[in-house]
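In my numbering, the protein residues as written are 89 to 908.
For every residue, glycine included, the Cβ atom is placed at its ideal position computed from N, Cα and C.
Please read all numbers here as calculations on a predicted model, not as lab measurements.
Note sheet for the following structure.
See below:
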């Protein structure tokens, strides 16, 4: 509590000092109104404040329902105002001068219908698929044809700089440890479970994906490789609207689903809700080939595994915002997710020496699981004065529950698999509960001379309860297996506070931030009576500097220190048996990993962006293959997949993004990334030092054709390299996707047809070799799919969006296991 009190006191003191300093600010407010013929207001007209000297942009605003607009905190100088709206001629005010702090009320600007015959003009506003911003890259998913009918995971995989490995770990610019946020909220699930959630979420629910490689101190310090924020669709004046979508797909197995989004808004309330359903059947072929010498004998294990999985996912969200007055809003939101799944696995393992097969192991598994998540948020937002001071508070609670059970049947046969020798049967049940509570507050204080101060704090409290029970079938009776069972409790409290300062000079923009986090952690394995208790305190600085050298050249440099905490489930020492020779296990002694990131960027003519980055990570968390002796059978031929802290890793990357409009009907976006990775660690008591170069490229070509038809062609290539997860030396991956879209129903509806991985060539192949042992892995899943998607928008399409709230659950939920 002492640490918490200190952080809160520091936060209050910083805000107080800044408030006293800000009272000397001398800026003025400018207000006015935009009208049209018939003395009617022009709702949502675009208003820009320009310098009178050269008409350069100072600020922009949108008029409200009454055509009113405001510009706050405007320093002394000479300006003019421009107003514009689609289908109307642009209007300008007379030049005027701001002196002192006296508010300025502008004369009403009048907009008239454009002289052109609007019936003959078809105005279409469409965002590009990729937008490059100073601090992030934005992927406009709703404009992607290829992503239609797919899942959030499949769309994410097509984003620039993003790659997905064989275990569904998400990498950004060649680095693992990415934090996934949804609508600015951390998902609080493990990387594997985030992948399962994204696989269940229809792409029709996604509006944008933000790729933030170097986040500021305002964000949680978690995420060594940066943050990926998935922004879900929201409805946009007073009224009711919505959109509905359905899709069907087929690869080796069928998939279908749909979604519905609704929004209603009036002057006092905004009500919103959404529901989506996704049923997916998937077939995966997994190959595992191992060699090694044990007790002087050379052994070969050649396993072929087929997994058939069926999952049903229901997701729903409902919320309300109440506008107390112009400056104060309070909102509540409930978010729920439900999943049921089952998976059949059949594996055949040939066991022998260099040239002969001695025996055949046949393993059958059947898994059933249910997962539930309920999350609740209360939010308060206050605009404190006309200078733009703002205060936000979020209170959050989430509960994740899972019930999972697996039956495992193993039998040993002769070399040709005909004569039965012996076998064993086991089962396990793994109920788990994760409770998360957070309190978060953020304060924004504009300063004079285009400066801004931000501060905030966050308190999080997490409790997890995992009770894994193993039973073995002995003489027709189930016998409790104490060697494989484990009841694990975990508690975590993180207290954090941050400050952030931003200042715009003539050509230079500077942002400085510092985040402090104090963590208290306790892990308790009740079954084996093992308790780990740690506390640690860290500072995470961040620096961002951008320089507009000329009209055509912009430069930037950024630095941040970040950490990656272990997933809750990966701290559990519980061992999961894939078969009698292959074990996956947690590690209660995992430590957080720390990364220092630096990046240089250059933008040419606001379209060609080049960046060079370097990341050094200490105690990197990754899953390593180790030799293992089975505690029950005594076999010395087993291997263990276990999360360990790699001593260090270094990554250097060069990235180029190039959007080009080739003709009026053909546009292109190309992303290229080259990187060099180096890792040092210890496996099986031997030092391991490996490194490799790598390359990733993706190009997307978009064609606008007559009759409301559009088409997209995407080509992806990932070169051979060392995989960041597991340190596998992987071979190249590649894919080609094609999609076509047609607008229907007066452009309120669309039909999209796409084929992913046309040539069915995308798969994972990799190997790891150490201490005389070789492990090779091949994985082929349903990459080739044909999809058909129908989308329809209805109601008042200009209804304002529901507020995007960044709750306090983001970091914690990203580490939760959410089931199968």
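Buried or exposed by the 16-neighbour rule on C-beta atoms within 10 Å, applied to residue i
i, result
"residue 97", "Unreliable positioning characterises residue 97 in this predicted model, as indicated by a pLDDT of 45, which lies under 50. The coordinate reading is nonetheless provided below. Label assigned to residue 97: exposed."
"residue 181", "buried"
"residue 507", "exposed"
"residue 753", "exposed"
"residue 860", "exposed"
"residue 680", "buried"
"residue 383", "exposed"
"residue 541", "buried"
"residue 157", "buried"
"residue 594", "exposed"
"residue 308", "buried"
Cut-off 8 Å between Cβ atoms - residues of its own chain near residue i, not counting five sequence neighbours on either side
i, result
"residue 641", "690, 691 and 692"
"residue 297", "226, 227, 229, 243, 244, 247, 316, 317, 318 and 319"
"residue 782", "262, 762, 763, 764, 765, 806, 807, 808, 809 and 810"
Check whether residue i and residue j have beta carbons under 9 Å apart
i, j, result
"residue 503", "residue 448", "yes"
"residue 760", "residue 744", "yes"
"residue 695", "residue 746", "yes"
"residue 852", "residue 823", "no"
"residue 654", "residue 678", "yes"
"residue 840", "residue 827", "yes"
"residue 458", "residue 427", "yes"
"residue 289", "residue 364", "yes"
"residue 170", "residue 135", "yes"
"residue 393", "residue 435", "yes"
"residue 630", "residue 606", "no"
Selection from the options that minimises the alpha carbon distance to residue i
i, options, result
"residue 730", "294, 714, 783 and 299", "714"
"residue 358", "121, 375 and 411", "411"
"residue 87", "423, 862, 454 and 620", "Examination of residue 87 is not possible in this model, given that the chain is present from 89 through 908 alone."
"residue 651", "669, 726 and 682", "682"
"residue 77", "362, 266 and 552", "No information on residue 77 is available, as it lies outside the stretch 89 to 908 that the chain covers here."
"residue 399", "270, 564 and 370", "370"
"residue 875", "135, 343, 377 and 865", "343"
"residue 535", "409, 559, 523 and 592", "592"
"residue 636", "607, 596, 630 and 620", "596"
"residue 785", "365, 260, 150 and 146", "260"
"residue 193", "160, 865, 492 and 268", "160"
"residue 632", "164, 141, 304 and 376", "304"
"residue 845", "870, 268 and 128", "870"
"residue 614", "499, 168, 250 and 577", "577"
"residue 177", "388, 490, 133 and 569", "133"
"residue 378", "385, 389, 372 and 368", "389"
"residue 705", "737, 877, 532 and 372", "737"
Cβ-based neighbour list, residue i, same chain, cut-off 7 Å, excluding 5 preceding and 5 following
i, result
"residue 750", "756"
"residue 778", "767, 810 and 815"
"residue 446", "439, 440 and 503"
"residue 466", "420 and 483"
"residue 145", "136 and 138"
Under the three-state DSSP convention, the category residue i falls into
i, result
"residue 229", "helix"
"residue 609", "strand"
"residue 291", "helix"
"residue 655", "coil"
"residue 922", "Residue 922 cannot be examined here, being either before or after the span of the chain that is shown, 89 to 908."
"residue 790", "strand"
"residue 870", "coil"
"residue 355", "coil"
"residue 266", "coil"
"residue 116", "strand"
"residue 806", "strand"
"residue 123", "strand"
"residue 245", "helix"
Test: residue i CB closer than 9 Å to a CB of chain D
i, result
"residue 780", "Looking for chain D here will not work: only one protein chain is present."
Chain-order list of residues whose beta-carbon lies under 6 Å from that of residue i (same chain, five-residue window excluded)
i, result
"residue 124", "130 and 199"
"residue 644", "634 and 689"
"residue 837", "880"
"residue 302", "646, 648, 685 and 687"
"residue 820", "807 and 808"
"residue 525", "485 and 549"
"residue 397", "370 and 431"
"residue 461", "425 and 488"
Near the ligand NAD: residue i beta-carbon under 8 Å from a heavy atom
i, result
"residue 679", "Ligands in the displayed structure: none, and consequently the ligand NAD is not present."
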